[in-house]
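Please read the structure below before turning to the comments.
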Amino acid sequence: MSVETTAPAVAGAVDKEVRRLDRVIIRFAGDSGDGMQLTGDRFTSETASFGNDLSTLPNFPAEIRAPAGTLPGVSSFQLHFADHDILTPGDAPNVLVAMNPAALKANIGDLPRGAEVIVNTDEFTRRAMQKVGYATSPLEDGSLDGYHLHPVPLTTLTVEALKEFDLTRKEAERSKNMFALGLLSWMYHRPTEGTETFLRSKFAKKPDIAAANIAAFRAGWNFGETTEDFAVSYEVAPAARAFPPGVYRNISGNLALSYGLVAASRQADLPLFLGSYPITPASDILHELSKHKNFGVRTFQAEDEIAGIGAALGAAFGGSLAVTTTSGPGVALKSETIGLAVSLELPLLVVDIQRGGPSTGLPTKTEQADLLQAMYGRNGEAPVPVVAPRTPADCFDAALEAARIALAYRTPVFLLSDGYLANGSEPWRVPEVDELPDLTVRFAQGPNHTLDDGTEVFWPYKRDPQTLARPWAVPGTPGLEHRIGGIEKQNGTGNISYDPANHDFMVRTRQAKIDNITVPDLQADDPDGTARLLVLGWGSTYGPITAAVRRIRAQGGHIAQAHLRHLNPFPPNLGEVLTRYERVVIPEMNLGQLATLIRAEYLIDALSYTQVNGMPFKAEQLATALEEAIDGH
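For the sequence shown, our numbering assigns the number 657 to the initial residue and increments by one for each residue that follows.
In structure tokens, the structure reads:
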């Protein structure tokens, strides 16, 4: 049957079979200079505009330019899209686009038998194959017989398509990723206008380059339409039932977090200040917020991590919604100033986009190993609330929640995202303004305490009886002058105090303030109430855990699930939820940090299931482990 598409008609095109699928997982892979992230981003954008539910997993080297054609230099982008609600980028790709031998070798092991493999045959030279350990060509030695192999000379076809342009061969070859994108867009009936508009905008100052990329993109689409090698195309219908009514857009975790911070500043009617030092994978937040000066956002790229948080804390003292962004190594450098913020009792958001460690570790890979650092990584008793988003879109709401706590309780707050959420993307319903929480803050305006002699004075550490928060006095307000600094304060007056009893009182009061923060009860997902096993997660494990739980339930298994957003303080009913179940399993991308906290706090013999390979859990892997736990193994 023929299919109406948005691509140009092709002379001589023939009708081809169209098969309908409910979901597809595609992985683009190539050298880190082949534009795989851009290709994946564009395919994702068109998929989002088409209305599919989706989840993505970008994966790239830490080096700015890893050696070309080597296994460490392979960059990939995986996209899972469907006509129904999905939660993960998928376990195993149905389609692999391999731009060179290194990309094929690095990714072929993840493919199930029968998957489609599209390879750029122009790159399979003897030297390129030997560089990654192929003694013979995998395209000819039968090692790919279990797959549907599509050998395509992408480079040659791209150069031929661009021969009318005044480009060198090397310049023309750079557009081969757009040829591949055009081919996949035909294969899965993706819209094309958005990509063409994007290319015209991206290369607006170089119209010839824009035209060449569009020509390569169209050539790839036309190749799929006319070649006999691709006899079938596929349809994945929009996921109409997966989304409540509303306006949606595709969004990454870092972008959602940035928008959440801007929304929080508007809802609080405070200017937003970001003091930051660039670090992977948090730098995108600095880049994004720097674009929004019209919303009262000020961004400061500091000379180092310490200067970044120092400026942010100064902005908090001055009456701004203050934020500092970093990753694990930066948190270590910021720890002293976080302790100062605890002592000063000022609102400050510390955004930690976690990555593989320790030290520099794996800068472009994901991990959840900063939880104990966020909880305890400061000298003295310096408690800090911890909030963790669970999906890329949820980063928006988590940012608002972290701001609520910081502003209401006058405390620094950790927001623990990670590389998987930061770079991954999914559809996000743009909220209405009246759906956002009211974060309005009242600054101190005058005296708040009366001395025995009747004199009215301002006490900077006189607390709100409900929240235990101290007043927020903006510098320059007449009569509200007060001391600041890291030396212990006297309760009420804020004067320097070395009194042992006062120090004991202040330490316990700061802890009580955090312990008494109002957070919602934990909701356990236990449909029939017969489960004996609870899976408890936090952060980005939500997608894989939920997908694994769905698989087990689809097979008739009984299993409960709960997911923590608030890690300090824990939800008030957490202990009661945990005691309902015979077993509690906690999957984490670390060596069991939440499990350690749960065991210590609730004396629950939680089972820890961990992974620290820099990649998110696979749903099938988790499902197998959880089934074994249900069976008592």
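Ideal placement from N, C-alpha and C gives every residue a C-beta, glycine not left out.
Please read all numbers here as calculations on a predicted model, not as lab measurements.
message: For Lys-862, count the other beta carbons within 10 Å of its own beta carbon; 16 or more makes it buried, fewer makes it exposed. Which is it?
response: Position 206 of the sequence shown holds residue 862. Exposed is the call here.
Could you tell me which of Leu-1253, Val-1241 and Ser-1196 sits nearest to Gly-1080, measuring between CA atoms?
Along the sequence shown, read from residue 1 onward, the residue named residue 1080 stands at position 424. It is Ser-1196.
Worksheet item: In chain order, what residues of the same chain have a beta carbon less than 8 Å from the beta carbon of Arg-1255, not counting five sequence neighbours either side?
Response: Here the question's residue 1255 lines up with position 599 in the sequence shown. Closer than 8 Å at the Cβ level, and outside the excluded window around Arg-1255, lie Asp-1261 and Ala-1262.
Measuring alpha carbon to alpha carbon, tell me which of Val-1191, Leu-977 and Ser-731 ends up nearest Glu-1284. Numbered from 1 along the sequence shown, position 628 holds the residue referred to as residue 1284. Cα-wise, what sits closest to Glu-1284 is Val-1191.
* Asked: For the region 889-960, which segments carrying the beta strand (DSSP E) assignment without a break, of at least 3 residues, lie completely within its bounds, in sequence order?
  -> 904-908, 928-932 and 953-957
Q.
Relative to the C-alpha of Gln-1267, which candidate in Leu-1259, Ile-1242 and Thr-1252 has its C-alpha closest?
A. Taking the first residue of the sequence shown as position 1, residue 1267 is located at position 611. Gln-1267 has its Cα closest to that of Ile-1242, out of Leu-1259, Ile-1242 and Thr-1252.
Requested in this report: Put Trp-842 into one of helix, strand or coil per three-state DSSP.
Outcome: Taking the sequence shown and counting its residues from 1, one reaches residue 842 at position 186. Correct three-state label for Trp-842: helix.
Taking 8 Å as the threshold (C-beta atoms), are His-1105 and Ala-895 in contact? As a working note, residue 895 is residue 239 in the sequence shown. As a working note, residue 1105 is residue 449 in the sequence shown. No, these two residues do not count as a Cβ contact at 8 Å.
Q) Do you know whose CA, among Ala-978, Ala-771 and His-948, lies nearest Phe-929's CA? A) Taking the sequence shown and counting its residues from 1, the one referred to as residue 929 is at position 273. Comparing Cα-Cα distances from Phe-929 to each of Ala-978, Ala-771 and His-948, the minimum goes to Ala-978.
**Study point:** Proximity below 8 Å, CB of Gln-1010 to CB of Ser-1073
**Key:** Looking up residue 1010 in the sequence shown gives position 354. Looking up residue 1073 in the sequence shown gives position 417. Yes, they are a contact pair.
What are the boundary residues of the beta strand (DSSP E) that Leu-1004 is part of? Residue 1004 sits at position 348 when you count from the first residue of the sequence shown. Where Leu-1004 is concerned, the enclosing beta strand (DSSP E) stretches over 1004-1010.
With a floor of 4 residues, list each alpha helix (DSSP H) that falls wholly inside the region 718-794, ordered by position along the chain.
-> 757-763 and 782-787
inquiry  = Going by the DSSP bridge assignment, what does Ala-1216 pair with across the sheet?
reply    = As a first step, residue 1216 must be located in the sequence shown, where it is residue number 560. BP columns for Ala-1216 point to Leu-1190.
Checklist entry - Straight-line CA distance for Glu-719 to Pro-1003? => result To locate residue 719, count along the sequence shown from 1; it is residue 63. To locate residue 1003, count along the sequence shown from 1; it is residue 347. The straight-line gap from Cα to Cα measures roughly 36 Å.
Over what stretch of residues does the beta strand (DSSP E) that includes Ile-1152 continue unbroken? On the sequence shown, position 496 is the one that residue 1152 refers to. Premise fails: Ile-1152 is in no beta strand (DSSP E) and is neither H nor E.
- Task: Below 7 Å CB to CB, which residues in the same chain sit around Arg-698 once its five sequence neighbours on both sides are set aside?
- Result: Residue 698 sits at position 42 when you count from the first residue of the sequence shown. Once the five neighbours on either side are set aside, the close Cβ partners of Arg-698 are Leu-837, Thr-851 and Phe-854.
(request) Tell me whether Asn-950 is buried or exposed, calling it buried when 16 or more other Cβ atoms sit within 10 Å of its Cβ. (result) Looking up residue 950 in the sequence shown gives position 294. Exposed, because fewer than 16 other Cβ atoms sit within 10 Å of the Cβ of Asn-950.
(message) For Asp-1120 and Arg-1126, I'd like the C-alpha separation in whole angstroms.
(response) Here residue 1120 refers to the residue found at position 464 of the sequence shown. Here residue 1126 refers to the residue found at position 470 of the sequence shown. Asp-1120 and Arg-1126: Cα-Cα distance of roughly 6 Å.
Under 8 Å Cβ to Cβ from Ala-1129, same chain only, skipping five residues before and after it: list those, please. Indexing the sequence shown from 1 puts residue 1129 at position 473. Only Phe-1099, Ala-1100, Phe-1114, Pro-1116, Leu-1136 and His-1138 meet the Cβ criterion.
Problem - Coil, strand or helix - Gln-711 by DSSP - result: In the sequence shown, counting from the first residue as 1, residue 711 sits at position 55. Correcting the residue type first, residue 711 is Ser in the shown sequence and not Gln. Correct three-state label for Ser-711: strand.
- Query: Under a Cβ-count criterion, where at least 16 other Cβ atoms within 10 Å of its own Cβ denotes burial, should Ile-682 be classed as buried or exposed?
  - Reply: For the purposes of this step, residue 682 is taken as residue 26 along the sequence shown, with counting starting at 1. Per the 10 Å Cβ criterion, buried.
Report task. Report buried or exposed for Ile-1061, applying the criterion of at least 16 other Cβ atoms within 10 angstroms of its Cβ. Result -> By one-based count along the sequence shown, residue 1061 stands at place 405. Buried, since its Cβ has 16 or more Cβ neighbours within 10 Å.
Quiz item: At which residues does the alpha helix (DSSP H) containing Tyr-1076 begin and terminate?
Solution: As a working mapping, residue 1076 is identified with position 420 in the sequence shown. Unbroken alpha helix (DSSP H) run through Tyr-1076: 1075-1079.
Quiz item: Got a sec? Which residues, its chain only, sit under 7 Å from Ser-793 by beta carbon, not counting five neighbours each side?
Solution: Here residue 793 refers to the residue found at position 137 when the sequence shown is read from its first residue. So the list reads Phe-780 and Met-785, once near-sequence residues are dropped.
Checklist entry - Counting only runs that start and end within the region 1224-1257, where is the alpha helix (DSSP H) found for 4 or more residues in a row? => result 1230-1234
What's the C-alpha gap between Gly-1231 and Leu-1247?
In the sequence shown, counting from the first residue as 1, residue 1231 sits at position 575. In the sequence shown, counting from the first residue as 1, residue 1247 sits at position 591. Whole-angstrom Cα-Cα distance: 22 Å.
In terms of residue numbering, what span does the alpha helix (DSSP H) encompassing Ile-870 cover? To locate residue 870, count along the sequence shown from 1; it is residue 214. From DSSP, the alpha helix (DSSP H) with Ile-870 extends over 863-882.
Practice problem: Give the C-beta separation of Ala-1279 and Arg-1207 to the nearest angstrom, bearing in mind that I take them to be a contact with Cβ-Cβ under 8 Å. | Solution: The sequence position of residue 1279 within the sequence shown is 623, counting from 1. The sequence position of residue 1207 within the sequence shown is 551, counting from 1. Their Cβ separation, rounded to whole angstroms, is 5 Å, which keeps Ala-1279 and Arg-1207 in contact under 8 Å.
Could you check where the alpha helix (DSSP H) with Thr-853 kicks off and where it finishes?
On the sequence shown, position 197 is the one that residue 853 refers to. First-last of the alpha helix (DSSP H) with Thr-853: 849-858.
query: Cα-Cα, which of Ala-971, Ile-742, Gln-1024 and Trp-842 is closest to Glu-891?
result: As a first step, residue 891 must be located in the sequence shown, where it is residue number 235. Checking every option, the nearest Cα to that of Glu-891 belongs to Trp-842.
Assuming contact is defined by CB atoms lying nearer than 8 Å, are Gly-902 and Val-730 in contact in what I supplied? Translated into the one-based positions of the sequence shown, residue 902 becomes position 246. Translated into the one-based positions of the sequence shown, residue 730 becomes position 74. Their beta carbons are not under 8 Å apart, which means Gly-902 does not touch Val-730 by this criterion.
**Prompt:** Counting only runs that start and end within the region 1023-1091, where is the alpha helix (DSSP H) found for 4 or more residues in a row?
**Reply:** 1027-1032, 1050-1065 and 1075-1079
- request: Would you kindly work out how many angstroms separate the C-alpha atoms of Ala-972 and Pro-749, rounded to a whole number?
  value: Sequence index remark: in the sequence shown, residue 972 carries index 316 (1-based). Sequence index remark: in the sequence shown, residue 749 carries index 93 (1-based). Answer to the nearest angstrom: the Cα atoms are 47 Å apart.
Is Gln-693 near Leu-713, with beta carbons less than 8 Å apart? By one-based count along the sequence shown, residue 693 stands at place 37. By one-based count along the sequence shown, residue 713 stands at place 57. Cβ distance not < 8 Å, so Gln-693 and Leu-713 don't count as in contact.
For Lys-1274 and Thr-1235, I'd like the C-alpha separation in whole angstroms. Counting from 1 along the sequence shown, the entry for residue 1274 is found at position 618. Counting from 1 along the sequence shown, the entry for residue 1235 is found at position 579. In a straight line, the C-alpha of Lys-1274 is about 28 Å away from that of Thr-1235.
Which of helix, strand or coil does DSSP assign to Glu-820? Here residue 820 is taken as the residue at index 164 of the sequence shown, counted from 1. Coil.
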